[in-house]
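Residue numbers (the working numbering): 309 to 824. Yeah, the Cβ is synthetic: ideal placement off N, Cα and C, and Gly gets one too. Working notes, structure below.
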Ligand code: ADP
C-alpha cells in the first residue's frame, strides 16, 4: 500500500480546513475531491455529491453561463471569477461566488466558492427598503410642498384683512373716544400688529419652501436704508436703555444694486433679536467692505450684542424652523422661531451664509457676507471741495465706547481734529483745557444720556460759561422722547440728533451749525 507523503498529508489538512467550498473536478465533470464545507452547505452526503455530475447541481438559468465560463477557461487557461446558484438537498438554492483555475496536465479544474446567499439577500432587502424610504420621503415632500404652495397662494387673502384691521383701527383712534375705548383700540392695534408679524413670518417661510420667493434687483442707498431702519429699532432699544449704534465702513458704496426689502428684513430680524435678547449694554451693526471688483462689491454685515448669548450646544438649532434656543424663552420673549430660518435662507439665496459666534452671558454676533452690485452712476463728491470739518476741533462725548469710536471715525475720516471724553466731567475738563490753549473747541457732539453728569448738565455749563461761548452743541438723544426735546428747548439748544446717528446726517448737521 502507498503511504501518503508528508506533502500530501499537509495538503489534506489544509484542504479540509478551508471554510469556503473547495473542490477538484475531473475532466469527466464529476467531483474528484471535496472539502466538508460542501456537505454542510448543500445538505447532501459526500457520496451523493461524488456520484452526481457537477453541472446537475446548477440552477437551469445559470447553466449556460457556467458552461461558457468553463469553455473559456479551457481555451485561455486563466483563473475565472463568476457567480452561479447551486441546488441544495431541500430544493432551495445557494448563491456561490467562484474562483476557478484549470490544471492543463491532468485536465482537472480547481475551484473555491464562497457562499454569498446571505450577503445577497441582505443587499437586496437594503435596496428595497432604501427604495421604499425614498418613495415615502418623496411623498412627504410633495405633501409639504403642496401645503406651502397653498399657504403662499393664500398670502394675499390673509394679509389684506389684517391690513384692513390695522388701518381702520388707526382711523378709529383719530376720532373722539373715551379713554377706555382708546385703551381697547390701542390693544386691538398692538395685537393686530403682532398677528401680522407672525403671519408674515409663516407666509415668507412657506414661500421659500414652495420655491416661490423672488428677488428684486434694484438700486438702493444702503446708508439711507440703515438710517431709516434704525429709527424704528431705536424706539425698542431706548425703551430698554440699550445703546444702539451702526458703523458703516467709509469704503462701502452708498448706491448699491440688490434687493433692499429682503436685506432690510434680514437686518431688522438680526438687530431686533439682538435688542430682544439683550437686557443691558449695546447692540452694534457693522458693515465692512471685503472686496470690490468692477460693478460688484462684497460686504460683510455683523450684528453684535452684549445679551444673554446662546449655549454652544444650541447654536446650530436656532437656524432650524420653529426652533428656539430655550423653549421656555418662547413665553418670556415671544416669537415664532422662524425669523432666523427665514434670514439664513434669504442670505443663502442671495449668495451668502449666516454665521454665529456666541457665549452664554457675554453676547452674540450674527454675521454674513453678501455680493451686491454697485449702481453705475454713483454721484461723486465734487472734486476739490474740501470737507466742512477739515481741521475743526471737535469734542466727542459719550459714555459708550462703541458709539464714541464710531462718532470719532465719522468725523476724523473727514479731517476733523477729535478729542474724546467718556463722561460729563471729562468733557468739561477737556473744554477748560481747550479754552486755555490756542486750540479751543469749535464743536461738541454730546450724548444726552450718561451716568453722573448727563449731556443736558454739560450743555447748561457750556451755556453759562463765557469761555465756551463759541462752542456749537449737537446733542444726541435716545429715541424720540418728549421730555428730551422739552429740555433742549429750555436750554436753548436747537441742534439735536436721534441716536444712532448716520454719517451723512451728522455731517449735514455739523456743516449747518458751523455756518451759523
Ligand atoms: P424668534 O426670535 O421668533 O423666537 P428666531 O428664529 O429669530 O425666532 O430666533 C430663534 C431663537 O434663537 C430665539 O428664540 C433665541 O432663543 C435665539 N436667538 C436669536 N438671536 C439671539 C440673540 N441675539 N441672543 C440670544 N439668543 C438669540
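- About 6 Å separates the beta carbons of residue 739 and residue 749, which is inside the 8 Å limit, making them a contact pair.
- Per the coordinates, the alpha-carbon of residue 722 lies some 6 Å from the alpha-carbon of residue 697.
- The criterion of a C-beta distance shorter than 8 Å is not satisfied by residue 470 and residue 521.
- If the five residues before and after residue 363 are omitted, its C-beta is found closer than 8 Å to the C-beta atoms of 337, 371, 374, 375, all from its own chain and listed in chain order.
- Closer than 7 Å to some heavy atom of the ligand ADP: that does not describe the Cβ of residue 553.
- Spanning the alpha carbons of residue 620 and residue 671 requires a straight line of approximately 12 Å.
- Take the alpha-carbon of residue 595 and the one of residue 754: they are about 24 Å apart.
- Residue 584 and residue 772 have their C-alpha atoms spaced approximately 41 Å apart.
- Annotation: the stretch 751 to 783 contains the following complete segments of the alpha helix (DSSP H) (minimum length 4 residues), in chain order: 763 to 772.
- Less than 8 Å separates the beta-carbon of residue 732 from that of residue 763.
- Shortest gap from the CB of residue 738 to any heavy atom of the ligand ADP: 7 Å or more.
- The continuous beta strand (DSSP E) containing residue 394 extends over residues 388 to 395.
- With a cut-off of 7 Å, the C-beta of residue 646 is classified as near the ligand ADP, since at least one heavy atom of the ligand falls inside that distance.
- Contact between residue 627 and residue 676 does not hold, since the beta-carbon distance rounds to 12 Å and is not under 8 Å.
- For residue 824, no beta strand (DSSP E) encloses it, and the DSSP letter there is neither H nor E.
- Our two residues, residue 453 and residue 655, have alpha carbons roughly 21 Å apart in a direct line.
- C-alpha of residue 406 to C-alpha of residue 398: approximately 22 Å in a straight line.
- In its chain, beyond the 5 residues on either side, 340, 416 have a beta carbon closer than 7 Å to the beta carbon of residue 334.
- Between the stretch 560 to 580 and the stretch 527 to 539 there are three or more C-beta pairs closer than 8 Å, enough to call the two in contact.
- In this structure, residue 593 lies away from residue 607, with their beta-carbon atoms at least 8 Å apart.
- At the C-beta level, residue 669 and residue 616 come within 8 Å of one another.
- With a cutoff of 7 Å, residue 649 counts as near the ligand ADP, since its C-beta is closer than that to a heavy atom of the ligand.
- For residue 650, the enclosing alpha helix (DSSP H) covers residues 647 to 657.
- In the DSSP assignment, residue 316 falls within the unbroken alpha helix (DSSP H) covering 314 to 325.
- Distance from the C-beta of residue 549 to the nearest heavy atom of the ligand ADP is not below 7 Å.
- Looking from the CA of residue 410, the closest CA among 432, 378, 605, 527 belongs to 378.
- Inter-residue distance for residue 451 and residue 457 is about 10 Å (C-alpha atoms, whole angstroms).
- Separation of the CB atoms of residue 807 and residue 542 is rounded to 7 Å, and the pair is thereby assigned contact status at 8 Å.
- Cβ-Cβ distances below 6 Å link residue 549 to nothing in the same chain once the five nearest sequence neighbours on each side are left out.
- Bridge pairing for residue 346: absent [DSSP].
- Residues of the same chain with a CB within less than 6 Å of the CB of residue 420, apart from the 5 flanking positions on each side, are 328, 330, 407 in chain order.
- A direct Cα-Cα distance of roughly 54 Å separates residue 437 from residue 588.
- Note on geometry: alpha-carbon atoms of residue 455 and residue 468 lie some 20 Å from one another.
- If you draw a 10 Å sphere on the C-beta of residue 729, you find 16 or more other C-beta atoms in it, and that means buried.
- Residue 725 has 701 as its beta-bridge partners, per DSSP.
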